[in-house]
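Notes follow once the structure below has been shown.
There are 2 protein chains.
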Amino acid sequence: MQPNELVSLLKKHNLKNTKVRREILAVFSHAERPIDAIYLTENIKVNKSSIYRELKVLLDKGIILEIEFGDGKKRYEFSSLKHHHHLICTNCKSVEDVTLNQDLWLEEKSIEEKTSFKIERHNLEFFGLCANCK
Amino acid sequence: MQPNELVSLLKKHNLKNTKVRREILAVFSHAERPIDAIYLTENIKVNKSSIYRELKVLLDKGIILEIEFGDGKKRYEFSSLKHHHHLICTNCKSVEDVTLNQDLWLEEKSIEEKTSFKIERHNLEFFGLCANCK
DNA sequence: TACTTTATCGCAACTTAGTTGCGTTTGTCA
DNA sequence: TGACAAACGCAACTAAGTTGCGATAAAGTA
């Protein structure tokens, strides 16, 4: 993310331009996979409560998404990325992005009609063995 | 689950017929939604380490499945149930089962061809507002 | 630049879910 | 009924995330 992009993103969401915020966003913008809070605490010299609080702010503002790999750590990535899911290798823990041929939009519409439940989001991840590990 | 079903299930998996095991399985067989470890500790007079260890055994044997709602607690249900997903109300926390018109089998096949990743399982849950809360 | 307001931050103590070591008990099968 | 492994209880521990509170620092205004 370029400095001017950062400034306009922060302005748009009424967020102060602080060191913690800049550094967290910098990690996200270089990351090739979803990032967890522990990784941030290990890679940014900032108190962990600031990390957790900042993640909550970015999540509330819709700047990042929360992703669940089921290992007890929440992960996050920019919500501006094209909608996708992940292939998680249960052996080496590598993560690949993947998109569905036909996302779940139609299924969700059908479920909403059948059940009168209003779907707002879903969490879908695939687990298995990557090309190297299988 | 009937007593004779229980006995043959345990025998089939080389598991001893113990009090803890019987009580946990009894909870699962009456449950209408996925159950977490805390619920078991609150509803069975058994040490919590036994609960967690037993869940691991049942999971390894493939008798139960692990389900992730993203709230920091793992949930479990019988793996013998017809494959389904869940509609989780973010307001009242209610849970409904739901099946897709066309499950993810075809998508998984297509992903495996494109990526040479071997998919073994997926986790898919929907979040939103139930009929009452919306 | 100085002043004011409010968001943000650091620190330490705490909570919640889950794990581990170890000595004891209990099912199962011969 | 005896032997043996599986299962168990207990207590102490770990890992991830949260909270209260006083101190600090952006951002807007005078």
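These protein sequence lines are chains A and B, in that order.
Residue 110 in this note's numbering sits at position 110 of the first sequence, with consecutive numbering throughout.
Residue 15 in this note's numbering sits at position 15 of the second sequence, with consecutive numbering throughout.
By construction, the Cβ of each residue, glycine as well, lies at the ideal position given by its N, Cα and C atoms.
Partner residues on chain B for residue 135 (chain A), Cβ-Cβ distance less than 7 angstroms
Since the displayed chain A opens at 1 and closes at 134, residue 135 (chain A) lies outside it and no answer follows.
Indicate whether at least one CB of chain B lies closer than 8 angstroms to the CB of residue 92 (chain A).
no
Might you give, ordered along the chain, the residues of its own chain that have their beta carbon closer than 7 angstroms to the beta carbon of residue 48 (chain B), omitting 5 neighbours on each side?
41
As an exercise, report each continuous alpha helix (DSSP H) stretch of at least 4 residues that is fully enclosed by the segment 88-116 of chain B, in chain order.
105-115
Counting only beta-carbon atoms, is residue 95 (chain B) nearer than 8 angstroms to chain A?
no
Could you check whether the Cβ of residue 28 (chain B) sits closer than 8 angstroms to any Cβ belonging to chain A?
no
By the DSSP assignment, the beta strand (DSSP E) with residue 81 (chain B) in it spans what residues?
First-last for residue 81 (chain B): undefined, no H or E at that position.
Beta-carbon separation of residue 37 (chain B) and residue 51 (chain B) under 8 angstroms?
yes
Using DSSP's beta-bridge definition, name the partner residues of residue 68 (chain A).
A:74
Comparing the C-beta of residue 111 (chain A) with each C-beta of chain B, is any distance below 8 angstroms?
yes
Which one of B:93, B:113 and B:86 has the shortest CA to CA distance from residue 125 (chain B)?
B:86
Any 3 or more C-beta pairs closer than 8 angstroms across the segment 99-108 of chain A and the segment 66-73 of chain A:
no
How big is the Cα-Cα spacing for residue 103 (chain B) and residue 83 (chain B)?
9 angstroms
From residue 131 (chain B) to residue 34 (chain B), what distance separates their C-alpha atoms?
20 angstroms
Inter-residue CB distance, residue 90 (chain A) and residue 129 (chain A) (contact presumed, cutoff 8 angstroms)
7 angstroms
Buried versus exposed, by CB contacts within 10 Å (16 or more), residue 123 (chain B):
buried
What does residue 66 (chain B) reach in chain A if we use C-beta pairs closer than 8 angstroms?
70
Which value, in whole angstroms, describes the spacing of the CA atoms of residue 94 (chain A) and residue 113 (chain B)?
18 angstroms
Does the beta carbon of residue 48 (chain B) sit closer than 8 angstroms to a beta carbon anywhere in chain A?
no
If we call anything under 8 angstroms between Cβ atoms a contact, is residue 5 (chain A) one with residue 115 (chain B)?
no
Taking the beta carbon of residue 21 (chain A) as the centre, do at least 16 other beta carbons fall within 10 Å, making it buried, or is it exposed?
buried
Compute the Euclidean distance between the alpha carbons of residue 137 (chain A) and residue 67 (chain B), then round it to the nearest angstrom.
In this structure chain A extends from 1 to 134, so residue 137 (chain A) is not present and cannot be described.
Coil, strand or helix - residue 13 (chain A) by DSSP
coil
Does the beta-carbon of residue 158 (chain B) have 16 or more other beta-carbons within 10 angstroms, so that it is buried, or is it exposed?
Residue 158 (chain B) is absent from the model: chain B starts at 1 and stops at 134.
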